[in-house]
Amino acid sequence: MTAPTIRPAARAPKAGKKKNSRSLSLTAVTAIAVVYTLLPLFWLVVSATKSQEKLFDSFGLWFANDFSLFDNIADTFAYQDGIFGRWLLNTLVYVVIGAGGATLLASLAGYGLAKFDFIGRKAVFAIVLGGIAVPPTVLAVPTFLMFAKLGLTDTAWAIIIPSLVSPFGLYLMWTYATEAVPKEILESARVDGSGEFRTFFSLALPLLAPGAVTVLLFNIVATWNNFFLPLIMLKDSELYPLTLGLYTWSRQANTVGGEVVFNLVVTGALITIIPLITAFLLLQRYWQSGLSAGSVKQ
Amino acid sequence: MTRRSWIGWQFTGPFLAVFALVFLAPIGYSAYLSVYRTQLVGGTAFVGIDNYTKALSDPQFWEAITRVALFLLVQVPVMLILALLIALAIDSGRLYGASFFRISVFLPYAVPSVVAALMWGFMYGTNFGLIGNINEALGTAIPNPLAPEWILTAIGNIVTWEFIGYNMIILYSGLKVVDTSLYEAAAIDGAGEWRIIRAIKLPALRGPIVVATIFSIVGSFQLFNEPQILDSLAPNSITTYFTPNIYAYQLSFAGQQVNYSATIALIMGVTTMVIAYLFQRRSMKGAGS
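Heads up: the sequence lines are chains A and B, in that order.
Under the working numbering, think of the first position of the first sequence as 544, with each following residue one higher.
Under the working numbering, think of the first position of the second sequence as 94, with each following residue one higher.
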């Protein structure tokens, strides 16, 4: 009976002290940063409710007297025979296979590097760490030239294969696996005669989950946001991801005879960011703990 | 031992196979391309280091490099200092609603650069954009951010907006692993908040700051998406050699100069790696002394 009363009592002075030390002025100054980061998103939400004329002639940061959000959404999905839905589907496919595959490969390799002392391990490590410093955009043109020779350009593989590798993801999984999977568990599994891959999937992977979710989230962002690679690899608009599709819609305004569809670009942009923002809000606990685990090693 | 060794390779093998295909092979292939030249008359010929000497005396390439170097020297420090201040403020425990601040500042990271550039590009517009609204409403004369003399600043703002939260989270995570008993001990010794920041927090952040800086260096040198997208809204301000990457892209796709384009990409890749490596070595050496 006494134990539960001790804990709140012990906590109370600390909480009280914290409350007193809160500062309104520091909160107000930091709020400027939040205004900076959220204002453009607010602009996007407001603008998605406007028809094209209102987009041009009403004040940007407040709603116009017409509310066209649902018309805009319907038009976005109907324009050019509903190609936007196709782009959304393509993006999902690229993300599931690309980011999912990249996370699996990074988890396997990070675990392998952390838990097995094999010949050539150091060399693998050096090469992959060097890979972190290679900007993906710099690789894009050479990869295009090579894929063109292999006949892979203008296929979904041209987008999926390059997104399967994330050196930084491997680095995070390696630090995470080193800390989170105790050697003793693996030893006892070996004694029980469990195969190494079975041990990995049944014992190690659950322990690696928070790190793997972090890596998955960052891979999802990278794949969802991928622009340069699709831009150079794809000609067929049926294969475009959302980013490239929105870009071509916004460029229509520059081409002779092209239809100006800025309201659809804005609404499409809003639809594009909602899934990612939702994922980050729902999985906060994971990516925040995963990132701090990564920073222990530094 | 040999069995264990084989198992380790089985775990890392799939990653390495794809890594070889999309990292090592393209680098090797562009190295191969860079020593040849394809001409309409005469076909492909081995030219040794000709493409490299051409690049080093190419004023357009130099202009592009100078531009990203300037961008790196101004935008990266501004962004990292702001990210550091926000991380320190959130970590101080003196904010109301600290977790709201953390997630709100991080949110732009989830926005694709295409969307970020389009959004800011529309807002920058002086005719129908937000800048135009403000000028009209307040009678101010904010210059057009999409004009040639302001475009690099305008891009710097977009990139800062996109990555300030990401860097803040890296730094904030570094602060969270500091042993809080150090703060208590310092407070008992009568150290103020600034003293604790200088003596405990900043030294603890050395590693995360190095990591954030290296990512920013890599990001600056590969600048492509934002200028490429703004090009449709500000065609007069973005040249075909605005950044090294845009130049390499234009050479490959508009100019058909594949060999020279591969050379430019390779030079940029190697330069980025060398600078990142030198920076990391220098800053780690400082930590030892």
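Where is the CB? At the ideal position from N, CA and C, for every residue including glycine.
Quantities reported herein were computed from a predicted structural model and do not represent experimental measurements.
- Closest by C-alpha distance to L813 (chain A), out of B:L109, B:N318, B:Y276 and B:P205, is B:P205.
- DSSP, reduced to helix, strand and coil, places A138 (chain B) within a strand of the structure shown.
- Assigned with DSSP and collapsed to three states, R375 (chain B) falls in helix.
- Contacts with chain A at 9 Å (Cβ-Cβ) do not include G285 (chain B).
- Cβ-Cβ distances below 7 Å link A747 (chain A) to Y654 and V724 in the same chain, with the five nearest sequence neighbours on each side left out; the list follows chain order.
- DSSP places Y129 (chain B) inside the beta strand (DSSP E), whose first and last residues are Y129 to Q132.
- At a cut-off of 9 Å between beta carbons, R187 (chain B) contacts chain A.
- Annotation for I293 (chain B): no alpha helix (DSSP H) segment contains it, and DSSP assigns it neither H nor E.
- At a cut-off of 9 Å, the C-beta of F154 (chain B) has no neighbouring C-beta in chain A.
- By the neighbour-count definition (other C-beta atoms within 10 Å, threshold 16), V311 (chain B) is a buried residue.
- Any Cβ of chain B closer than 9 Å to the Cβ of G694 (chain A) would place that residue at the interface, and such an atom is absent.
- Around Y276 (chain B), the same chain offers I289 and I293 as residues with beta carbons nearer than 8 Å, after the five sequence neighbours per side are excluded.
- The alpha-carbon separation between Q153 (chain B) and F599 (chain A) amounts to approximately 37 Å.
- Note that the C-beta distance between S123 (chain B) and L604 (chain A) is not below 9 Å.
- Of the residues assessed, D324 (chain B) falls on the buried side of the cut-off, its CB having 16 or more other CB atoms within 10 angstroms.
- Remark: C-beta atoms of G673 (chain A) and M366 (chain B) approach each other more closely than 9 Å.
- For D735 (chain A), the three-state secondary structure derived from DSSP is coil.
- For the pair of segments examined, the region 710-723 of chain A was found to touch the region 739-753 of chain A: the number of CB pairs separated by less than 8 Å reaches three.
- For the 9 Å CB-CB criterion, L760 (chain A) and F661 (chain A) do not form a contact.
- Annotated three-state conformation of P119 (chain B) is helix, per DSSP.
- Boundaries of the alpha helix (DSSP H) harbouring F585 (chain A): L567 to S590, taken from the DSSP string.
- Exposed is the label assigned to T821 (chain A), since fewer than 16 other Cβ atoms lie within 10 Å of its Cβ.
- Segment contact: the region 163-181 of chain B against the region 340-355 of chain B, fewer than three CB-CB distances shorter than 8 Å; contact not assigned.
- Contacts between T686 (chain A) and chain B, judged by CB atoms closer than 7 Å, involve V115 and P119 in chain order.
- Classified as exposed, R291 (chain B) has fewer than 16 neighbouring CB atoms from the shown chains inside 10 Å of its CB.
- The Cβ-Cβ distance between A157 (chain B) and Y340 (chain B) falls below 9 Å.
- The closest CA to that of A358 (chain B), considering only B:P301, B:L126, B:G101 and B:V111, is found on B:L126.
- When the alpha-carbon of W155 (chain B) is set against those of B:F335, B:L371, B:R375 and B:Q343, the nearest one is in B:F335.
- The three-state secondary structure of D143 (chain B), taken from DSSP, is helix.
- When the Cα atoms are used, K692 (chain A) and V667 (chain A) turn out to be separated by approximately 28 Å.
- The C-beta separation of G663 (chain A) from Y719 (chain A) comes to about 22 Å, leaving the pair out of contact by the 8 Å criterion.
- Per DSSP, Q623 (chain A) is one residue of the alpha helix (DSSP H) stretching across L612 to Y637.
- Taking a contact to require three or more Cβ pairs closer than 8 Å, the region 761-777 of chain A and the region 180-191 of chain B do not qualify as touching.
- Under the Cβ distance rule, A182 (chain B) counts among the residues neighbouring chain A, one pair being separated by less than 9 Å.
- A distance of 9 Å or more separates the beta carbons of F771 (chain A) and P685 (chain A).
- Against chain A, the beta carbon of A369 (chain B) has neighbours under 7 Å at A676, listed in chain order.
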